[in-house]
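Enquirer: Residue numbers (the working numbering): 4 to 92. Have a look at this one before I ask anything.
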């Protein structure tokens, strides 16, 4: 995206285990950082911060926001979104 275009806002919803991960969870965070690198504003809503975030954060440092929510309702911001991605458990 060039700087004159507005950023696309993306929300990703995924559960995470505080100690372990699966390939699908890893892939969902890869998607989050790839979208952020491409210029999207990305928020990941999750029940636990992913233990593997340090593996991927160098792709787009500081550009993916995390909201930890126990019920996936608290903390969810009502805002216009370009895309919502739901990662099945």
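All C-beta atoms in this analysis are idealised placements derived from N, C-alpha and C, irrespective of residue type, glycine included.
(1) Name the two residues that bound the continuous beta strand (DSSP E) containing residue 44.
(2) Indicate whether residue 72 and residue 48 have their beta-carbon atoms separated by less than 8 Å.
(3) Between the beta-carbon of residue 29 and the beta-carbon of residue 55, is there less than 8 Å?
(4) Quick check: residue 19 and residue 53, are their CB atoms within less than 8 Å of each other?
(5) Along the chain, where does the alpha helix (DSSP H) containing residue 58 start, and where does it finish?
Expert: Straight from the coordinates:
(1) Segment 44-49, the beta strand (DSSP E) holding residue 44.
(2) Against a cut-off of 8 Å, the Cβ pair of residue 48 and residue 72 comes out as a contact.
(3) Contact flag set, yes.
(4) Going by C-beta atoms, residue 19 is nearer than 8 Å to residue 53.
(5) Going by DSSP, residue 58 is part of the alpha helix (DSSP H) stretching over 56-59.
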